[in-house]
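What follows is a set of notes on a single structure, which appears directly below.
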Amino acid sequence: QFNKVELFKFTKPETSYDELETLIEDAEGILQALGMHYRVALLPTQDLAQQATKTVDIEVYLPGQGRYYEVSSCSNCEDFQARRGNTRYRPAEGEKPEYVHTLNGSGVATPRLMAAILENNQTADERVRVPDVLQEILGTEYL
140 QFNKVELFKF TKPETSYDEL ETLIEDAEGI LQALGMHYRV ALLPTQDLAQ QATKTVDIEV
200 YLPGQGRYYE VSSCSNCEDF QARRGNTRYR PAEGEKPEYV HTLNGSGVAT PRLMAAILEN
260 NQTADERVRV PDVLQEILGT EYL
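According to the numbering used here, the stretch in the sequence shown is residues 140 to 282, in order.
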C-alpha cells in the first residue's frame, strides 16, 4: 500500500511551465516546513511517463538505507490528459475552445516521509525530535 497527497492543476498552455515551477515549490514547501534535507532531480526523457513532457522528482535521504527515496514527483502533461478527457477552456468570449494543460504531482508520499522524519531526527538517546512545525499539533518535542 502506498499513501500520498496528490497535487493537480488545470492551466492555460502559455502558463503551464511556470505553474509547474509553482507546483514543485509547493511540494518543496512541505519538506522545508518539516526541516527535511532533500534534493530535486529532473528526470531524463527516457524515464518520463508516456503522458509527461517534463517531470521533477523530489527525494529525501534515509540514513538507515544509505540512499535517497522519492517523496514527490511533479509533471507537466501538457494537453495529453486533457485530450483524453476532452477538457477544454474558452480563452475569450466567442473564441474556439482550447485544451487545458494538466499538471500533477504527489505532494508527499506519506510512508516514506514518515520514515525520513524518524531516521533524520533520531537523537543519541534513541528519541526522535518532532519537527518544529508539528510540535504544537503533537503536544511534544520528542517521541
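Quick reminder that beta carbons are idealized off the backbone N, C-alpha and C, glycines included.
Straight-line gap, residue i to residue j (C-alpha atoms, nearest Å)
i    : j    : result
T241 : F147 : 7 Å
E275 : E167 : 22 Å
P230 : Y281 : 53 Å
A221 : T154 : 15 Å
D186 : D196 : 11 Å
S212 : P250 : 15 Å
Where the alpha helix (DSSP H) containing residue i begins and where it ends
i    : result
E217 : Counting along the chain, E217 falls outside any alpha helix (DSSP H), and DSSP gives it neither H nor E.
N259 : 249–259
E275 : 271–277
Same chain, Cβ closer than 6 Å to residue i, neighbours up to 5 away in sequence not counted
i    : result
L170 : Y177
Check whether residue i and residue j have beta carbons under 8 Å apart
i    : j    : result
Y156 : N215 : yes
P270 : L173 : yes
Cutoff 7 Å; reference residue i; Cβ partners in own chain excluding five residues on either side
i    : result
E198 : Y177, R178, A180, Y207, Y208, E209, V210
Continuous beta strand (DSSP E) stretch holding residue i: start and end
i    : result
Y200 : 193–201
K143 : 143–150
Cut-off 8 Å between Cβ atoms - residues of its own chain near residue i, not counting five sequence neighbours on either side
i    : result
P152 : E217, D218, E237, Y238, V239, H240
I256 : L173, M175, V267, P270
For this session: Output the residue ranges of the alpha helix (DSSP H) runs that lie fully inside the region 155–181 and measure 4 residues or longer, sorted by chain position.
Result: 155–172
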